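Sequential numbering of the sequence shown, starting at 24, is according to our numbering.
Just so it is clear, CB atoms sit at the ideal spot from N, CA and C, and this is done for glycine as well.
Note that the structure is predicted; figures quoted are calculated from it, not measured.
Right, one structure below, let's go through it.
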Amino acid sequence: MPATVPSATSDAPPPLPADDPSIFDMDLRELRRRWAGRAALSAISAETMTGADRRAQALGFPEARLMEHAGTAVAAAVRALAVDLDRWGTGPIVIMCGPGNNGGDGYVAARRLALAGASVIVAVVAASARPRGVAAARNWDRIARDTGIVKVQVPVARDVAMFGLGIDKSAVVVDALLGSGVRGALREPIRTAVEVIGRARAAGIPVVAVDTPTAVDLSSGEPSEPAVLADLTVTFHRPKTGLLTRRGAAHAGRILVAPIGIPLEADRG
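As structure tokens, then:
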């Protein structure tokens, strides 16, 4: 039975992703309709989003809960894309996670995808598997205990390149390397990880980016070199100005804007 999707004009907002199990029965078109209210909002810069995130936490919306909604939204979108492309169950979902909160979103997505029945491989592209941030670290701890999720730490470029040799067997690759704070040239091992994702996409593996394709500036849309080219980007709370520019849109592919529990009043600093 198809999922029940409220109209975009409904007065009642849909449940937030982590509280909405029905999103794992939806295709991309239904997810877009489900979250249409967010996509219709005016776009904001990376700096405004950072401020909104901080103010939301000050208003009593915990970072851990925001991350849970973000990662769950990504997981639902990855599943929907894989099903739409007849790739669900054809290979593992490979999630490339960086050292910060973008990687933390990826850890949540890994857990949620595993619960949905996917085979999941998490590649930790960082010197330490456990992130420094509290919420991201807790989400790492949760998947570290999960024997159903394969975890591979690739702390240097050589290890990343070796891991990438088998990435063409993936059903989908998820870019959870770096988020909105990227400026300038990428450093290793992230640079090699971006190149590995690029080779996967060139081999026909669909790529989903978390919040922004790595190395694409969410404010200006200008990419560093190299930058991830995604087939689908799941961004959060509001559209981002950088993803609406010509170059940003070319790297983002299709865009879903997911609610994660940040109230609109948090936008006003």
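CB-CB under 7 Å to residue i, same chain, minus the five flanking residues each way: which ones, in chain order?
i: residue 183; result: 148, 177, 212, 215, 216 and 219
i: residue 156; result: 123, 124 and 127
i: residue 71; result: 290
i: residue 202; result: 123, 124, 125, 234 and 235
i: residue 163; result: 130, 152, 153 and 154
i: residue 106; result: 50
i: residue 350; result: An answer regarding residue 350 cannot be provided, because it is not within the stretch 24 to 292 covered by the chain.
i: residue 77; result: none
i: residue 272; result: 266
i: residue 47; result: 99, 102 and 139
Could you tell me whether the Cβ atoms of residue i and residue j are closer together than 8 Å?
i: residue 128; j: residue 74; result: no
i: residue 116; j: residue 194; result: yes
i: residue 153; j: residue 146; result: no
i: residue 253; j: residue 276; result: yes
i: residue 236; j: residue 256; result: yes
i: residue 250; j: residue 238; result: yes
i: residue 61; j: residue 260; result: yes
i: residue 270; j: residue 246; result: yes
i: residue 40; j: residue 96; result: yes
Ignore the nearest five residues each way along the sequence and tell me which others in residue i's own chain have a CB closer than 8 Å to its CB.
i: residue 68; result: 241, 242, 263, 264 and 265
i: residue 267; result: 66 and 244
i: residue 108; result: 229
i: residue 36; result: 60 and 282
Decide if residue i is buried, meaning its Cβ has at least 16 other Cβ atoms within 10 Å, or exposed.
i: residue 42; result: exposed
i: residue 284; result: buried
i: residue 234; result: buried
i: residue 104; result: buried
i: residue 132; result: buried
i: residue 248; result: exposed
i: residue 83; result: exposed
i: residue 179; result: exposed
i: residue 207; result: exposed
i: residue 185; result: exposed
i: residue 91; result: buried
i: residue 280; result: buried
i: residue 55; result: buried
i: residue 287; result: exposed
i: residue 112; result: exposed
i: residue 187; result: buried
i: residue 121; result: buried
i: residue 81; result: exposed
i: residue 199; result: buried
Less than 6 Å between C-beta atoms, sequence neighbours within five positions excluded: which residues of the same chain meet that for residue i?
i: residue 223; result: 190 and 196
i: residue 192; result: 114
i: residue 87; result: 158
i: residue 144; result: 115, 117 and 173
i: residue 293; result: The chain is shown from 24 up to 292; residue 293 falls before or after that span and cannot be answered.
i: residue 141; result: 116
At a Cβ threshold of 8 Å, is residue i touching chain D?
i: residue 283; result: Looking at the structure shown, chain D is missing, and only one protein chain is on hand.
Which ranges would you report for the beta strand (DSSP E) in the region 79-131 if only whole runs of at least 3 residues count?
116-120
So within the region 220-256, which uninterrupted beta strand (DSSP E) runs reach at least 3 residues, ignoring any that extend past its ends?
230-233
Starting from the N-terminal side, write out each stretch of the alpha helix (DSSP H) that is 4 residues or longer and does not extend beyond the region 158-188.
180-187
Do three or more CB pairs link the region 130-138 to the region 51-67 at distances below 8 Å?
no
Which ranges would you report for the alpha helix (DSSP H) in the region 46-70 if only whole runs of at least 4 residues count?
51-57 and 59-62
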